[in-house]
Amino acid sequence: MKTAVVILNWNTEGFLKEFLPGLLHSVGKVDGAEVIVADNASTDGSLEVMRKTFPQVRTIAFEKNHGFTGGYNKAFEQIDSEYFVLINSDIEVTEDWLAPLVDWMDNHPECGACAPKLHSWQEREKFEYAGAAGGYIDLFGYPFCRGRVLKRLDTDKGQYDQTKDVFWATGACLMVRSSLYRKLGGLDDRFFAHMEEIDLCWRMQLEGFKVTVVPQSVVYHVGGGTLPATSPFKLYLNFRNNILMLENNLARTFALGFKNLPAEKAASKGCRKAARRIFIRKCLDGLSAAVYLLTLKTDCFKAVLKAHKDAAGMVRRPSKADVAAFIKEGKGSVRGIYRKWIITSSILKGEKIFSSIKDKDFYNF
94 MKTAVVILNW NTEGFLKEFL PGLLHSVGKV DGAEVIVADN ASTDGSLEVM RKTFPQVRTI
154 AFEKNHGFTG GYNKAFEQID SEYFVLINSD IEVTEDWLAP LVDWMDNHPE CGACAPKLHS
214 WQEREKFEYA GAAGGYIDLF GYPFCRGRVL KRLDTDKGQY DQTKDVFWAT GACLMVRSSL
274 YRKLGGLDDR FFAHMEEIDL CWRMQLEGFK VTVVPQSVVY HVGGGTLPAT SPFKLYLNFR
334 NNILMLENNL ARTFALGFKN LPAEKAASKG CRKAARRIFI RKCLDGLSAA VYLLTLKTDC
394 FKAVLKAHKD AAGMVRRPSK ADVAAFIKEG KGSVRGIYRK WIITSSILKG EKIFSSIKDK
454 DFYNF
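At position 106 of the sequence shown the residue is numbered 199 (our numbering), and the sequence of numbers has no breaks.
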């Protein structure tokens, strides 16, 4: 098996019935590709559906819900292939979505991960929130996408039809090089779910690899199949995991900006700059919590407070020695961090925000 296309399922028997037949058909057209379903201890009829309707599909059943991160990590431990594809159960694929991704990885060994364009299943011509045409983060760590800024979604008019290296690509449908995935330790288990693919793509760049959107491949995403956008738990995960992600990667990234200095000095400057930036992000999160409180969204207010409290006990901040050792290796580079705050840019630009973002607006460390 060259390419393992793996659905991590949790209580989505309806999506399996609807979208798995098309996925099996499309994957069957690609040599060396196979679909595998890993089930995160579903309590609906998912496993029964797999046994009765799709007996030909290899199914890995877990005894408990390990989350998105732990589920995929444990599934990939049992799979031997050159490429892994993480794909949500609520994805409708097109006839030839997989071959362009495999071809890209085959011909670009410097690429650690690639992804298709992600369209909305409900509004077929619009990009979908979870990844659109590839993602970036702003200077405070807020994620956004080509084709999706905050809650604003753009229509696909071919404006992103050129292959593009990005900061991150969506975990809803993501192809990764298995050797690199294993070298990096896979997804960060602490995250459980949400923003884990951004962290992984960031770590891939720090390892010297690129993340690319391949627009010749298109899939359609329903979205919100597991946690709805209004869920306080989802909000908690996003706020907590954003802090963990910044702590994981920001010091090394900033140190790259001082790599003309001795490694120890670059590390010291990078760590100090990262600490300041993360402090500002925490203050901005505090303002968000205040807004939730003032608008009587007390569950959301509590979710933000809990996210910060829990993150403080989970952080694994790299030491200056770790960062200095990274600089001495001399292999990392990071592209795709927006020089501005995307929230103010979006407010000022409105619908023109998509066309206003240019390559010159990004740091390249």
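For every residue, glycine included, the Cβ atom is placed at its ideal position computed from N, Cα and C.
According to DSSP, residues forming a beta bridge with N342
As a position in the sequence shown, residue 342 is number 249, starting the count at 1. Per DSSP, none; premise fails for N342.
Using the Cα positions of V98 and K250, report the straight-line distance between them to the nearest angstrom.
On the sequence shown, position 5 is the one that residue 98 refers to. On the sequence shown, position 157 is the one that residue 250 refers to. Approximately 29 Å between the Cα atoms of the pair.
Cβ-Cβ separation, G205 to R270 (assumed contact under 8 Å), whole Å
What you label residue 270 is simply residue 177 of the sequence shown in a count that begins at 1. What you label residue 205 is simply residue 112 of the sequence shown in a count that begins at 1. Yes, they are in contact, since the Cβ atoms of R270 and G205 sit about 5 Å apart, within 8 Å.
Among the candidates S448, L349, G317, T305, whose CA atom is the shortest distance from the CA of W197?
Looking up residue 197 in the sequence shown gives position 104. The shortest C-alpha separation from W197 is found at T305.
Beta-carbon proximity list for R151, same chain, < 6 Å, skipping 5 on both sides:
The residue labelled residue 151 in the question sits at position 58 within the sequence shown. Correct list, in chain order: I129.
Does the beta-carbon of A265 have 16 or more other beta-carbons within 10 angstroms, so that it is buried, or is it exposed?
Within the sequence shown, residue 265 is the residue found at index 172, counting from 1. By the 10 Å Cβ count, A265 comes out buried.
When you compare only the Cα positions, how much space is there between K358 and W261?
Counting from 1 along the sequence shown, the entry for residue 358 is found at position 265. Counting from 1 along the sequence shown, the entry for residue 261 is found at position 168. Taking the straight line joining both Cα atoms gives about 29 Å.
For Q298, is the classification buried or exposed, using 16 other Cβ atoms within 10 angstroms of its Cβ as the cut-off for buried?
Along the sequence shown, one-based indexing puts residue 298 at 205. Per the 10 Å Cβ criterion, buried.
Contact under 8 Å by Cβ, G240 with L232:
Indexing the sequence shown from 1 puts residue 240 at position 147. Indexing the sequence shown from 1 puts residue 232 at position 139. The answer is no: Cβ separation not under 8 Å.
Touch test, the region 187-197 against the region 107-121, Cβ-Cβ under 8 Å, three pairs minimum:
yes
Across which residues does DSSP place Y176 in a beta bridge pair?
The residue you call residue 176 lines up with position 83 of the sequence shown. Answer by DSSP bridge pairing, in chain order: T96, R270.
So is D124 buried or exposed if we call it buried at 16+ other beta carbons inside 10 Å?
Here the question's residue 124 lines up with position 31 in the sequence shown. Exposed.
With burial defined as no fewer than 16 other Cβ atoms inside 10 Å of the residue's Cβ, what is the status of V315: buried or exposed?
Here the question's residue 315 lines up with position 222 in the sequence shown. When all chains shown are included, V315 counts as buried.
Run through DSSP, which three-state label would N102 get?
For the purposes of this step, residue 102 is taken as the residue at position 9 of the sequence shown. Three-state result, N102: strand.
What whole-angstrom Cβ distance do L277 and R296 have, given they're in contact under 8 Å?
Residue 277 sits at position 184 when you count from the first residue of the sequence shown. Residue 296 sits at position 203 when you count from the first residue of the sequence shown. Indeed, because the Cβ distance is near 5 Å, the residues count as touching under 8 Å.
For I336, the nearest candidate out of G301, S381, D403, E300 (CA to CA)
Reading the sequence shown from its first residue, position 243 is the one you call residue 336. Residue D403 is the option with its Cα nearest to I336.
Would DSSP call F467 helix, strand or coil?
No answer is possible for residue 467: the residues shown for the chain start at 94 and end at 458.
T346 and V427 - do their beta-carbons sit closer together than 8 Å?
By one-based count along the sequence shown, residue 427 stands at place 334. By one-based count along the sequence shown, residue 346 stands at place 253. Yes.
My guess is that D378 and V408 are in contact by the Cβ rule of under 8 Å, so how many angstroms apart are they, rounded?
Here residue 378 is taken as the residue at index 285 of the sequence shown, counted from 1. Here residue 408 is taken as the residue at index 315 of the sequence shown, counted from 1. That pair is no contact at about 15 Å.
Taking G234 as the reference, which of G363, N334, E106, H159 has the closest Cα?
What you label residue 234 is simply residue 141 of the sequence shown in a count that begins at 1. Minimum Cα distance to G234 is reached at N334.
T105 burial status per 10 Å Cβ neighbour count (16 or more: buried)
In the sequence shown, the residue the question calls residue 105 occupies position 12. It counts as buried.
Excluding sequence positions up to five away, which residues of its chain have a Cβ less than 6 Å from the Cβ of G279?
Here the question's residue 279 lines up with position 186 in the sequence shown. Cβ neighbours of G279 beyond the five flanking positions: N166.
At the level of alpha carbons, what is the spacing between L211 and Y229?
Here residue 211 is taken as the residue at index 118 of the sequence shown, counted from 1. Here residue 229 is taken as the residue at index 136 of the sequence shown, counted from 1. Their backbone Cα atoms lie some 15 Å apart in a straight line.
Three-state secondary structure assigned by DSSP to E300
Along the sequence shown, one-based indexing puts residue 300 at 207. Here E300 sits in coil by DSSP.
For T391, which residues from the same chain have a beta carbon less than 8 Å from its beta carbon, with the 5 sequence-adjacent residues on both sides left out?
Within the sequence shown, the letter at position 298 stands for residue 391. Same-chain partners within the cutoff: Y385.
Would you mind giving the Cβ-Cβ distance between F458 and G350, rounded to the nearest angstrom? I have them listed as a contact below 8 Å.
Within the sequence shown, the letter at position 365 stands for residue 458. Within the sequence shown, the letter at position 257 stands for residue 350. Right, the Cβ-Cβ distance comes to about 5 Å (below 8 Å), so this counts as a contact.
Evaluate F394 with the Cβ neighbour count: other Cβ atoms within 10 Å of its Cβ, from every protein chain shown; 16 or more gives buried, anything less gives exposed.
The count along the sequence shown starts at 1 and reaches residue 394 at position 301. Buried.
Quick one: Cα of S448 to Cα of A223, how far?
Along the sequence shown, read from residue 1 onward, the residue named residue 448 stands at position 355. Along the sequence shown, read from residue 1 onward, the residue named residue 223 stands at position 130. Between S448 and A223, the C-alpha separation is close to 20 Å.
For my contact list, L194 and V307 are in at a C-beta cut-off of 8 Å; report their separation, rounded to the angstrom.
Start at 1 with the first residue of the sequence shown, and residue 194 comes out as number 101. Start at 1 with the first residue of the sequence shown, and residue 307 comes out as number 214. Indeed they touch by this definition, with Cβ atoms about 6 Å apart.
Considering only their Cβ atoms, is the gap separating F161 from L113 smaller than 8 Å?
Mapped onto the sequence shown, residue 113 falls at position 20. Mapped onto the sequence shown, residue 161 falls at position 68. It is not a contact, given that the beta carbons lie outside the stated cut-off.
Would you report the Cα separation of F285 and G163, rounded to the nearest angstrom?
Here the question's residue 285 lines up with position 192 in the sequence shown. Here the question's residue 163 lines up with position 70 in the sequence shown. Distance between the alpha carbons of F285 and G163 is about 7 Å.
Following the continuous beta strand (DSSP E) through G228, name the residue where it begins and the one where it ends.
Numbered from 1 along the sequence shown, position 135 holds the residue referred to as residue 228. It spans 228-230 - the beta strand (DSSP E) in which G228 sits, taken as one unbroken run.
What would DSSP say about F463, mapped onto helix, strand or coil?
Outside the displayed range of the chain (94 to 458) lies residue 463, so it cannot be described from this structure.
Would you call the CB atoms of N158 and W103 closer than 8 Å?
The count along the sequence shown starts at 1 and reaches residue 158 at position 65. The count along the sequence shown starts at 1 and reaches residue 103 at position 10. Yes, the pair counts as a contact, with Cβ atoms nearer than the cut-off.
Option in F455, Y456, I450, D454 with minimal Cα separation from Q252:
As a position in the sequence shown, residue 252 is number 159, starting the count at 1. Minimum Cα distance to Q252 is reached at I450.
Opposite W129 in the DSSP bridges: which residues?
Here residue 129 refers to the residue found at position 36 of the sequence shown. Checking the sequence shown, residue 129 turns out to be Ile, not Trp. Bridge partners of I129: V99, R151.
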